[in-house]
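Colleague:
Residue numbers (UniProt numbering): 1 to 572.
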């Protein structure tokens, strides 16, 4: 994962170049390994590199052999080897997983992203025709922003983070996932059109538990593509625990397939390199990482999982004050004032720093499962399977404003890359088409949240298969990350906001907020911090707040503890 910045059709690009490099430098945390830039005609592309694949020859921007195309990419392309096999006639210069984007564009033009399997945001400039293309992955795992300035209508800017654009642009949008921009038409077009995208078309496919399991295992397997030490984020909840369990199994399988049965502690299995070959460069086992306040539910559960699946586990704690002290930095990196995102991002931000300090550059994470399977506890109040399904689709569509944004920016604030197997295209195609009657939460029938995902990995009737997880974890009730790190974390944030925001301030929201008025002091507190860091109106237009579905009688506070079926439910 990296950081990209591009300015297309700048009036005086040479005079603007120092400013462009300064703007790009603002996201160097995303790519601390190297910086590059290319100027062509009136356009400049910049790149801040985090080297994960193609370590020796993956510097960017990538320029085609004939000098015509210039490419800057933030992301990972998991099927790059297959693309290389398909496009054998192209004179590849590197083993970078990103270089195949150039011949794909040559062959398929604006349909090129349809052929990519990965997480990405990229900008490609055609020097010969003075044309620029920009694309973002289907769900928006990787962040991308697009900006314009009223001072120069012809200039278009692109960047991995909002902070690169606020000085030049008075119009900024979060680039929509699954879309591609073409300067020839000055339009953004949807390229990602899966069968499940229409939220009013209710899924009807029968349940296939084996297919759910096999597709998720494949999603994890392909995301082990790396030439650096990697690990897994492990909260002890269902989602992260399943990903960790599968990754541990796949890591062991890969080692055995390599034929070296005597790897010792001086070696690390780091996945497959850019050519598809297994790579050993450091540790002998998968490492897992957890964080919470002392005694937090997640820390206890994560330790049990780690012991069971055999990872080398790192359990970290933070204090309430350390969390409070990090809030301004978190909002600066996350570029949001959404309450749920900030609550969950702060522990993840603190943990990412610890992980990077331990020599890891890539982790697997469990985002996306709750949206796919209706795992949030408020889904228990869905009136019908059809409404349950529609809400799932809406949540998946908006992931780029919430959990994807959190996973991407919390980790990359420290140059750590997070990969999310649950948002694999094929896994989504399988699970978003399942008849929602199978996903409904019905505790009276023993069907708790994400029942079918749990059942898919329940091996109790398979005597020759080692269980993926202990039953107490496989069937553990949903805890949102901001709850699981310790219930006093959210309570402490509310108390802090109560002290920092007076009743008079709360009763008088800022005029420029318009209709987007905070309804709690905590939300008011975060919005003020956001405004201090990003004072332009254009910045706020990129933010969407995450709240439960009010029509289902949900408590306004997004904490799972306010759901009636939570084991430790708080009175409304």
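Ideal placement from N, C-alpha and C gives every residue a C-beta, glycine not left out.
#1: How many Å lie between residue 348 and residue 288 at the Cα?
#2: Select from 476, 93, 286, 143 the residue whose C-alpha is nearest the C-alpha of residue 62.
#3: Please classify residue 476 as buried or exposed, where buried requires at least 16 other C-beta atoms within 10 Å of its C-beta.
#4: When the Cα atoms are used, what is the spatial distance from residue 206 to residue 124?
#5: Whose CA, out of 199, 498, 488, lies closest to the CA of residue 320?
#6: Using C-beta distances below 8 Å, list every residue in its chain close to residue 247, excluding the 5 sequence neighbours before and after it, in chain order.
#7: Closer than 6 Å by C-beta to residue 382: which residues in its own chain qualify, once you throw out the five before and the five after it? Chain order, please.
#8: Assess, as a yes-or-no matter, whether the stretch 500–511 is touched by the stretch 538–555 under the definition of 3 or more beta carbon pairs within less than 8 Å.
#9: What beta strand (DSSP E) runs, 3 residues minimum, are completely inside the stretch 181–231?
#10: Can you give me the C-alpha to C-alpha distance between residue 603 and residue 377, rounded to a whole angstrom?
#11: Going by CA-CA distance only, name the one from 450, 368, 392, 386 that's closest to residue 407.
#12: So residue 592 and residue 71 are supposed to be a Cβ contact under 8 Å. How far apart are they, rounded?
#13: In the DSSP assignment, what are the bridge partners of residue 46?
#14: Helix, strand or coil: how does DSSP classify residue 245 here?
#15: Using only the alpha-carbon positions, how far apart do residue 474 and residue 458 sit?
#16: Give me whichever residues DSSP pairs with residue 317 in a beta bridge.
#17: Within 10 angstroms of the Cβ of residue 184, are there 16 or more other Cβ atoms? Answer buried if so, exposed if not.
#18: If you follow the alpha helix (DSSP H) that residue 429 is part of, which residue opens it and which one closes it?
#19: With burial defined as no fewer than 16 other Cβ atoms inside 10 Å of the residue's Cβ, what is the status of residue 14: buried or exposed?
#20: Residue 72 by DSSP, collapsed to three states: which one?
#21: Pick helix, strand or coil for residue 438, following the three-state DSSP scheme.
#22: Could you spell out where the alpha helix (DSSP H) holding residue 489 opens and where it closes?
#23: Quick check: the Cα distance between residue 215 and residue 498, rounded to an integer number of angstroms?
#24: Rounded to a whole number of angstroms, what is the C-alpha to C-alpha distance between residue 316 and residue 186?
#25: When you compare the stretch 108–127 with the stretch 138–157, are there three or more beta-carbon pairs, one atom per stretch, that lie closer than 8 Å?
#26: Please list the terminal residues of the continuous alpha helix (DSSP H) segment that includes residue 299.
#27: Would a C-beta distance cut-off of 8 Å place residue 6 and residue 157 closer than the cut-off?
#28: Just to confirm my understanding: we take residue 346, look at its own chain, exclude 5 residues before and 5 after, and list those with CB closer than 7 Å. What are they?
#29: Taking the beta strand (DSSP E) that residue 136 belongs to, which residues open and close that run?
#30: Would you tell me roughly how many angstroms separate the C-alpha atoms of residue 212 and residue 434, rounded to the nearest one?
#31: Taking all protein chains shown into account, do 16 or more other C-beta atoms lie within 10 angstroms of the C-beta of residue 52, making it buried, or fewer, making it exposed?
#32: Pick helix, strand or coil for residue 17, following the three-state DSSP scheme.
#33: Take residue 438 and list the residues in its own chain whose beta-carbon comes closer than 6 Å to its own, dropping the five residues that flank it on each side.
#34: Would residue 313 and residue 358 be called neighbours here (beta carbons separated by less than 8 Å)?
#35: Alpha carbons only, please: which of 444, 557, 194, 2 is nearest the one belonging to residue 425?
#36: Where does residue 118 sit, in a helix, a strand or coil, going by DSSP?
Modeller: By the coordinates alone:
#1: By 1-based counting over the chain shown, the position of residue 348 is 348. By 1-based counting over the chain shown, the position of residue 288 is 288. Looking at the two C-alpha atoms, the distance is approximately 14 Å.
#2: Here residue 62 is taken as the residue at index 62 of the chain shown, counted from 1. Residue 93 is the option with its Cα nearest to residue 62.
#3: To locate residue 476, count along the chain shown from 1; it is residue 476. Buried, because 16 or more other Cβ atoms sit within 10 Å of the Cβ of residue 476.
#4: The residue labelled residue 206 in the question sits at position 206 within the chain shown. The residue labelled residue 124 in the question sits at position 124 within the chain shown. Near 41 Å, if we compare the C-alpha coordinates of residue 124 and residue 206.
#5: By one-based count along the chain shown, residue 320 stands at place 320. If we check each option's Cα against that of residue 320, 488 comes out closest.
#6: Counting from 1 along the chain shown, the entry for residue 247 is found at position 247. Within the same chain, residue 247 has close Cβ partners 220, 224, 232, 286, 364.
#7: The residue given as residue 382 occupies position 382 in the chain shown. Contacts found: 388.
#8: no
#9: 187–190
#10: The structure shown has nothing for residue 603, since the chain only spans 1 to 572.
#11: Position 407 of the chain shown holds residue 407. Residue 407 has its Cα closest to that of 368, out of 450, 368, 392, 386.
#12: Only positions 1 to 572 of the chain appear in the structure, and residue 592 is not among them; the question remains open.
#13: The sequence position of residue 46 within the chain shown is 46, counting from 1. Answer by DSSP bridge pairing, in chain order: 5, 37.
#14: The residue you call residue 245 lines up with position 245 of the chain shown. Of the three classes helix, strand and coil, the one that applies to residue 245 here is helix, per DSSP.
#15: For the purposes of this step, residue 474 is taken as residue 474 along the chain shown, with counting starting at 1. For the purposes of this step, residue 458 is taken as residue 458 along the chain shown, with counting starting at 1. One C-alpha to the other measures close to 8 Å.
#16: Taking the first residue of the chain shown as position 1, residue 317 is located at position 317. Paired residues: 292.
#17: As a first step, residue 184 is located in the chain shown; it is residue number 184 there, counting from the start. It is exposed - the Cβ of residue 184 has fewer than 16 other Cβ atoms within 10 Å.
#18: As a position in the chain shown, residue 429 is number 429, starting the count at 1. From DSSP, the alpha helix (DSSP H) with residue 429 extends over 425–431.
#19: Here the question's residue 14 lines up with position 14 in the chain shown. Counting Cβ neighbours within 10 Å, residue 14 comes out exposed, since fewer than 16 surround it.
#20: Locating residue 72 in the chain shown gives position 72, where the first residue counts as 1. Three-state DSSP puts residue 72 in a strand.
#21: Residue 438 sits at position 438 when you count from the first residue of the chain shown. Helix.
#22: Taking the first residue of the chain shown as position 1, residue 489 is located at position 489. Where residue 489 is concerned, the enclosing alpha helix (DSSP H) stretches over 487–500.
#23: Counted from its first residue, the chain shown places residue 215 at position 215. Counted from its first residue, the chain shown places residue 498 at position 498. Spanning the two alpha carbons is a distance of roughly 46 Å.
#24: Indexing the chain shown from 1 puts residue 316 at position 316. Indexing the chain shown from 1 puts residue 186 at position 186. Each residue's Cα considered, the two are about 48 Å apart.
#25: yes
#26: To locate residue 299, count along the chain shown from 1; it is residue 299. Unbroken alpha helix (DSSP H) run through residue 299: 297–309.
#27: Position 6 of the chain shown, counting from 1, holds the residue named residue 6. Position 157 of the chain shown, counting from 1, holds the residue named residue 157. Yes. Within cutoff.
#28: Sequence index remark: in the chain shown, residue 346 carries index 346 (1-based). The residues are 323, 326, 327, 330.
#29: For this step, residue 136 is matched to residue 136 along the chain shown. Segment 131–136, the beta strand (DSSP E) holding residue 136.
#30: The count along the chain shown starts at 1 and reaches residue 212 at position 212. The count along the chain shown starts at 1 and reaches residue 434 at position 434. Spanning the two alpha carbons is a distance of roughly 10 Å.
#31: Here residue 52 refers to the residue found at position 52 when the chain shown is read from its first residue. Classification for residue 52: buried.
#32: By 1-based counting over the chain shown, the position of residue 17 is 17. In the structure shown, residue 17 sits in a helix (DSSP, three-state: H, G or I).
#33: Taking the first residue of the chain shown as 1, we reach residue 438 at position 438. Around residue 438: 207, 452.
#34: Along the chain shown, one-based indexing puts residue 313 at 313. Along the chain shown, one-based indexing puts residue 358 at 358. No, they are not a contact pair.
#35: Here residue 425 refers to the residue found at position 425 of the chain shown. Of the candidates 444, 557, 194, 2, the one whose C-alpha sits nearest the C-alpha of residue 425 is 194.
#36: The residue labelled residue 118 in the question sits at position 118 within the chain shown. Of the three classes helix, strand and coil, the one that applies to residue 118 here is strand, per DSSP.
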